[in-house]
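Below is one structure, written out as structure tokens; the observations come after it.
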Amino acid sequence: MVALSGLQIVLAIACGGVVGFTLGLIGGGGSILAVPLLLYVVGIHNAHIVIGTTALAVAVNAWINLIPHWRHGHVRWKPAILFAIPGAIGAVVGSIFGKMLDGKALLFLFALLILVIAVRTLIQARRGNGKPAAADPMGSFRWGRVLATGGGTGLLSGFFGIGGGFLIVPGLMFATGMEMIDAIGSSLVSVGLFGVTTAVSYAASGLVAWNVFLLYVLGGIAGGFFGTLVSSKLGNRKSLLQTIFGSILVLVALYMLYDNISILIH
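Note that my numbering has the sequence shown beginning at 1, numbered continuously upward.
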């Protein structure tokens, strides 16, 4: 439990709304935004508490946002579940190592990771990738790719305390050939499971602020509703979704690098 002022309570709900909207819109990125929002906007400065709390909040919001995506027919359950199972195992291992690392060092590495992903995403959007071949609805996809990519994504998700949607979406497209709109919806299965797995590890160490978690979820429910509506209207406009996604990540990464650069000086 973390003591919050009235203003911090309002900010926590608002930030939860931003996280939920992002999750509903692009299926990932919400966890990336959740950490800096809680650090710099709400004003909670213990990096490990922030990571443990946001991991759980993002997980719950992801599963709530999964429902409308499923209703719109944009969740491919078989690849989503096969992705999530090895990923959950990886998340347990990753979270153990993440808790051992200094908070600023963890955030600095986190910023480098999202900057790389952001640049890659923007390059893909600029090139205008063609429509990927659709996977067979009965599950004709590459098993090895699904299992390996899921496990690797879970490991990174647990280490950095993130849902990993920004890795899961391209991972699902790579392994199954599904279209981006389906990968967005399907990614929320893993985002939720990875977040819960990571949060359980952090909670066992007393690193989850339960009151902040509840406020984040409250705001995230409303934000996720509107994000899903916008995502559904955009449909398969992959380049536009990637541009939005990548631009947000660049801004977040640059600020976090600036704020945690001291780890290289001392």
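Even glycine gets a Cβ: it sits at the ideal position worked out from N, Cα and C.
Helix, strand or coil, according to DSSP, for residue i in the structure here?
i      : result
HIS48  : helix
LEU39  : helix
SER231 : helix
SER247 : helix
MET256 : helix
ALA3   : coil
ILE261 : coil
Work out the CA separation of residue j and residue i for me, nearest whole Å.
i      : j      : result
SER205 : LEU82  : 29 Å
ALA91  : GLY150 : 10 Å
ILE181 : SER239 : 12 Å
LEU156 : GLY94  : 6 Å
SER187 : VAL212 : 25 Å
GLY223 : LEU229 : 10 Å
GLY171 : LEU254 : 24 Å
GLN8   : ASN46  : 15 Å
GLY16  : GLU179 : 28 Å
ILE32  : LEU11  : 17 Å
LEU112 : SER201 : 24 Å
Under 7 Å: does the beta carbon of residue i sit that close to some heavy atom of the ligand MG?
i     : result
LEU56 : With respect to the ligand MG, the structure shown offers nothing to examine, as it has no ligands at all.
What runs of the alpha helix (DSSP H), each 4 residues or longer, lie entirely inside the stretch 131-219? Residue ranges of uninterrupted alpha helix (DSSP H) with 4 or more members, entirely inside the stretch 131-219 and ordered along the chain, are 143-160, 165-176 and 180-203.
Would you list, in sequence order, the uninterrupted alpha helix (DSSP H) runs of no fewer than 4 residues that lie entirely inside the stretch 69-131? 77-100 and 103-127
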